[in-house]
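Residue numbers (the numbering used here): 649 to 1010. All C-beta atoms, glycine included, are put in the ideal place defined by N, C-alpha and C. Quick caveat: nothing in here was measured; it's all calculated off a predicted structure. To start, the structure under review is shown below, and the notes come after it.
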């Protein structure tokens, strides 16, 4: 005897499949809109001296890296549940390596994000070998794209290779403690084989060799030149070191000998005043960019420390910030600004007053 066809079950099943696929496509459309929103066009800023600054995009999560997902992958996500997509929580430091990968420290997780847009890959680092990251702060690159992460809570520096594999620890002492009290800023001079670390707690700059041995300690607490009050971010300028002296509201320039000179900053109504200086970077014309986390601005100075212009302001739109922190400028003048409270990184490009080649990695 032929069995009756369960039409009721088939119809219900078909309706359920239709509704699921419809929800899936709607979700995909929404995700597409959200991703496109990260690339909202913003006016090009015309700056003094014929300079131009162009907003390119912002990114906030793994989703913006892995854009291409096949239909059946989406169906599987709907049935089995989509994999967790990691987002920035409280980002702080940023660099972009020679292959265009963007590395962002995030003490809010705590972890380090690696965004590889060209290859649509993403990696989250929560550990350095057997040790969990506790409070990753700043990050710097060497000539081989190894990256060095300061962990202010662990009192150490963790070194990873260009693929994000842990390689070694700098500053580890017997018993598991770190030799730094609160390492924050870091800069690596591969040519001179030197590593510079700001120890915010000790009010000093440590000069290390590439093996991590201490060669010199510069400074002490105070307000005179060569003294520091909460030194944080560091940046190399040829053979000189720029130091963000945060609670003295200034930037100092250090010679290889350790001799210090005032570059810019201060408090008051002058154009160079800064209330919470943080990230620092240089473009191809040796202009110096300094983030002011209090004013939600980026100040731009010439080599002599004279203010050229500033940009930004409080808000959530393109070229607006809330508690900006780390800053990095790559070889073709792409500017990466960590917009900490907005939980994103904004990417702008300095066009200068000369023609620019198009393209290149974000």
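- DSSP lists 759 as the beta-bridge partner residues of residue 754.
- Taking a cut-off of 8 Å for Cβ pairs, the region 955-969 and the region 923-931 do not touch, as fewer than three such pairs fall below it.
- Residue pairing for residue 778: DSSP places it in no beta bridge.
- If you draw a straight line from the Cα of residue 704 to the Cα of residue 822, it is about 47 Å long.
- Only buried fits residue 894, as 16 or more other CB atoms lie within 10 angstroms of its CB.
- Residue 922 has its alpha-carbon roughly 20 Å from the corresponding atom of residue 695.
- The beta carbon of residue 987 is closer than 6 Å to those of 969, 972 and 994 in its chain, skipping five residues each way along the sequence.
- With 16 or more other CB atoms across the displayed protein chains lying within 10 angstroms of its CB, residue 785 is buried.
- Nearest C-alpha to residue 734 among 758, 862 and 741: 758.
- Burial of residue 755 is indicated by the presence of at least 16 other C-beta atoms within 10 angstroms of its C-beta.
- Looking at 732, 740 and 697, the one whose alpha-carbon comes closest to that of residue 992 is 740.
- In terms of Cα proximity to residue 862, the closest of 806, 818, 802 and 872 is 818.
- At a Cβ-Cβ threshold of 8 Å, residue 924 and residue 942 count as neighbours.
- About 4 Å separates the beta carbons of residue 881 and residue 892, which is inside the 8 Å limit, making them a contact pair.
- Annotation for residue 881: the continuous beta strand (DSSP E) segment containing it runs 879-885.
- Counting only runs of at least 4 residues, the region 798-874 fully encloses no alpha helix (DSSP H) element at all.
- Counting along the chain, residue 949 sits inside the beta strand (DSSP E) bounded by residues 945-949.
- Rounded to the nearest whole angstrom, the CA to CA distance from residue 772 to residue 762 is 6 Å.
- According to DSSP, residue pairing for residue 700 in a beta bridge involves 694.
- Listed in chain order, the non-local C-beta contacts of residue 906 below 6 Å within the same chain comprise 866, local neighbours out to five positions each way being set aside.
- Taking the Cα positions, residue 795 is about 24 Å away from residue 711.
- Straight-line measurement puts the Cα of residue 811 at about 38 Å from the Cα of residue 896.
- Counted as a single uninterrupted DSSP element, the stretch harbouring residue 714 is not any beta strand (DSSP E), since DSSP gives it neither H nor E.
- C-alpha of residue 888 to C-alpha of residue 837: approximately 10 Å in a straight line.
- Annotated as distal: residue 815 and residue 802, with beta-carbon spacing of 8 Å or more.
- In the three-state reduction of the DSSP assignment, residue 888 falls in the strand class.
- One thing to note: residue 898 has its Cβ no nearer than 8 Å to the Cβ of residue 890.
- If the five residues before and after residue 853 are omitted, its C-beta is found closer than 8 Å to the C-beta atoms of 844, 845, 846, 847, 865, 866, 867, 876, 879, 882, 889, 891 and 902, all from its own chain and listed in chain order.
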